[in-house]
Amino acid sequence: MSLLGTKLAMSSAYHPQTDGQTDRLIQIVEQLLRAACKDEISTWDLHLPVLEFAYNNTTHAATGQTPFFLCYGRHPLMPQKPTASATVTPVTFRLRLPATCKFHNAFHVQLLKPYRDPNTVFTGRQPPPLLPVLVHDEPEYEVESVLAHRRRRNGTVELLIRWKGYDPSEDTWVP
C-alpha cells in the first residue's frame with residue numbers, strides 16, 4: 076500500500092462509521108428515495124433507475140464532474156433537447172420544457188450552453204477501433220482484406236492482412 080501512497084483503514088462489520096464515503100452515499104440515496112416515494116413507499120424499487128441516473132448526472136463537489144462523465148468521458152444523452160422559446164431579459168431565457176417538469180422554466184444565461192449535435196462535433200474524426208472479440212481467452216480480430224502474400228525461406232506463407240476497423244498502419248503479416 077505504501078508504494079501506491081494509500082493508507083489501509085480497517086473497519087469491522089458493525090462499526091460503519093469508518094467508511095464515510097459509503098455512509099454519505101447511503102444518506103443521499105435515502106433522501107432521494109424519501110422524496111420520490113412520499114406518497115407510496117412500497118414503490119421505491121420502481122424509482123431506482125431514475126434516481127440512479129439523477130445521482131450519476133449531478134456534479135459532485137469533490138471532483139467538479141459528474142460520476143457519469145468520470146466513468147465514460149462524456150455526458151449522457153438527455154431524453155429531450157430543451158429549446159429557448161422566449162427572452163425574458165437580456166440574460167434570462169424561457170425554455171420549452173415538458174409539462175411533467177416541476178420547476179420554473181426561466182434560466183439565467185450562465186446556466187445554459189448551446190446545444191451541439193454530437194454527430195457534427197467531430198466530423199473528420201474516425202471512430203475508435205473495434206475491441207477484439209475473445210475466443211477461448213484469445214483476442215480475435217475480423218479480417219477486412221488480404222493485401223499481399225509472401226513465402227518465407229523456411230517455406231511458410233505469410234499474408235498481409237488489413238484488419239476491419241483499423242488504420243492501414245495496423246496492417247500486419249501473419250503466417
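Residue numbers (our numbering): 76 to 250.
Glycine included, C-beta positions come from ideal geometry on N, C-alpha and C.
Predicted model, so just to flag it, every value in this text is computed and none were measured.
- Of the other Cβ atoms in all chains shown, fewer than 16 fall within 10 Å of the Cβ of I116; this residue is therefore exposed.
- The stretch 211-224 makes contact with the stretch 234-241; the number of CB pairs closer than 8 Å reaches 3 or more.
- Per DSSP, the continuous beta strand (DSSP E) segment holding E213 begins and ends at E213 to E215.
- The beta carbons of E233 and P214 sit about 19 Å from each other, so the pair does not count as a contact at 8 Å.
- DSSP places E233 outside any alpha helix (DSSP H); the residue lies instead in the beta strand (DSSP E), whose first and last residues are V232 to W238.
- When rounded, the separation of the alpha-carbon atoms in N131 and R225 is 54 Å.
- Per the coordinates, the alpha-carbon of F144 lies some 5 Å from the alpha-carbon of H150.
- Residue pairing by DSSP places F144 in no beta bridge whatsoever.
- Taking the CA atoms as reference points, L121 sits about 14 Å from V104.
- Taking W248 as reference, the option from A223, H183, L79 and H135 with the minimal CA-CA separation is A223.
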